[in-house]
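My numbering puts the first residue of the sequence shown at 71, with every later residue one more than the last. See structure below.
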Amino acid sequence: GTESQIFDSNGNVLDTAKDYDSYYYMLDAMNQINAKGNIKHVVLDITRSGGGNIAAMIRIMGFLTDAELKITQYCDFGEMAITSYYSCDTDLDGSYKDADAYTNYTWALLTSSYTYSAANTLTSIISNQKICKIYGEATGGGMCSIMPIVMLDGSTMYISSYLKSAVRKLDEIIDIEAGISPDIEVNRSSFYDDSYIDSLFN
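Printed below as a string of structure tokens:
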């Protein structure tokens with residue numbers, strides 16, 4: 071979300087911020103879940119996420135884990151891998167070292183072949199760091215950076231750029247362009263069958 075979509079003129083968070091910004095959407099959802107009081111398991115559904123902003127993705131991860139997030143990007147041109155480490159201040163108290171995540175819940179991730187780009191990167195981090203179980207279909211893949219190209223004749227196209235999301239294991243760089251397989255395969259027809267999804271936790 072933009073500044074004007076999130077804050078009013080006095081710097082207060084607008085009630086409608088959750089409609090524009092994924093962090094405030096998640097915060098609102100977790101407040102509703104906490105208010106119910108009898109929920110043990112939370113499924114983060116990214117089956118229809120085509121990706122988006124990497125910074126927003128990192129902030130979402132802060133709801134699931136307090137662990138430092140490790141994100142690797144690989145550049146084909148220079149055969150160079152860069153690994154960055156991130157911590158999240160999910161409760162916005164200014165501290166990045168306290169426990170902010172909603173670890174009182176058992177989390178799961180639900181993915182599909184439409185889970186792409188930054189959502190694919192999120193899945194790779196969860197898989198690599200074993201943050202929670204992944205259910206559903208293999209992700210659609212894709213890199214987390216989009217490059218717009220304008221041709222000489224004026225036609226345009228968007229491609230995944232030369233920066234790839236990857237997973238670093240020891241000295242090996244594993245490209246995630248082809249997607250991430252789930253821990254437990256779930257048929258698409260069962261994605262929104264609450265009793266079936268609940269049975270997976272039990």
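Heads up, the beta-carbon is just placed ideally off N, CA and C, and yes, glycines get one too.
Please report the distance separating the alpha-carbon of Asn-82 from that of Ser-74. Residue numbering aside, residue 82 sits at position 12 when the sequence shown is read from its first letter. Residue numbering aside, residue 74 sits at position 4 when the sequence shown is read from its first letter. When rounded, the distance between both Cα atoms is 11 Å.
Could you tell me the alpha carbon to alpha carbon distance between Leu-179 and Tyr-155, rounded to whole angstroms? As a working mapping, residue 179 is identified with position 109 in the sequence shown. As a working mapping, residue 155 is identified with position 85 in the sequence shown. Spanning the two alpha carbons is a distance of roughly 21 Å.
Nearest neighbour of Thr-173, chosen from Asn-190, Asp-98, Ile-201 [CA to CA]: Taking the sequence shown and counting its residues from 1, the one referred to as residue 173 is at position 103. Answer by Cα proximity: Ile-201.
Assign Tyr-186 to buried or exposed, taking buried as 16 or more other Cβ atoms, counted over all protein chains shown, within 10 Å of its Cβ. Here the question's residue 186 lines up with position 116 in the sequence shown. Buried: at least 16 other Cβ atoms inside 10 Å.
Which runs of the beta strand (DSSP E) spanning at least 3 residues fall entirely within the stretch 128-206, listed in chain order? 139-145, 150-156, 176-181, 203-206
May I have the straight-line CA-CA distance separating Ala-151 from Cys-145, to the nearest angstrom? In the sequence shown, the residue the question calls residue 151 occupies position 81. In the sequence shown, the residue the question calls residue 145 occupies position 75. For Ala-151 and Cys-145, the distance between alpha carbons rounds to 6 Å.
Where does Ile-116 fall in DSSP's three states? Taking the first residue of the sequence shown as position 1, residue 116 is located at position 46. Ile-116 falls in the coil class under three-state DSSP.
Identify, in the order they occur along the chain, each residue of the same chain with its Cβ nearer than 6 Å to the Cβ of Asn-135, setting aside the five sequence neighbours on each side. Mapped onto the sequence shown, residue 135 falls at position 65. Reading off the sequence shown, one finds Thr at residue 135, where the question assumed Asn. So the qualifying residues of the chain are Ala-171, Ile-201.
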